[in-house]
Amino acid sequence: MARRLVQDWATRLGFSVVERTKVVTAASELGRNALVHGKGGFMLMSEVQREGRSGLKLMFEDQGPGISDIEQAMTDGFSSAKSMGLGLGGARRLVTEFELQSTPGMGTKVSVILWKRR
Ligand SMILES: Nc1ncnc2c1ncn2[C@@H]1O[C@H](COP(=O)(O)OP(=O)(O)O)[C@@H](O)[C@H]1O
Ligand SMILES: [Mg+2]
């Protein structure tokens, strides 16, 4: 559902095919993390503007176990679930702004923005 919504919004906002693919892939990885590791959560999507430039902002939030070692979690190949461990690092590389906040026992919040190319 997240993939489809992001795809539709990015298309409507005039993002290129490459930009759309980037933001949809990031949404897919972060959404999957919220479901698999965070035990479910939500995504908030908004259009943002700065200096006449528009971007798509996605915020994923869950109330799961949280991440105790963020640096380790961001490292390519690290996974506590024996999966690929490329989701967080990959998502960070695909967007222009990336912010991860997490409190063990409380949950995780990841905000990303992909600014549209002029
Ligand atoms: N929303 C989340 N809640 C709790 N832990 C998370 C969350 N997202 C990521 N993590 C932790 O970070 C690790 C790395 O995430 P990721 O790079 O997406 O790899 P993978 O999902 O393949 O394990 C996960 O294995 C998990 O331990
Ligand atoms: Mg993942």
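Residue numbers (the working numbering): 1229 to 1346. All C-beta atoms in this analysis are idealised placements derived from N, C-alpha and C, irrespective of residue type, glycine included.
beta-carbon residue i near ligand 2 non-hydrogen atom, thresh 6 Å
i	result
Gly1280	no
Arg1260	yes
Gly1305	no
Gly1315	yes
DSSP state of residue i mapped onto helix, strand, coil
i	result
Met1287	strand
Gly1335	strand
Leu1272	strand
Glu1327	strand
Arg1278	strand
Leu1342	strand
Gly1315	helix
Lys1267	coil
C-beta contact flag for residue i and residue j at 7 Å
i	j	result
Ala1238	Ala1319	no
Val1252	Leu1284	no
Val1338	Val1323	no
Pro1332	Ser1307	no
Phe1288	Leu1258	yes
Ala1301	Leu1316	yes
Gly1305	Asp1290	no
Arg1231	Ser1256	yes
Gly1335	Gly1268	no
heavy atom of ligand 1 below 6 Å from residue i C-beta
i	result
Ser1339	no
Thr1336	yes
Met1229	no
Ser1311	yes
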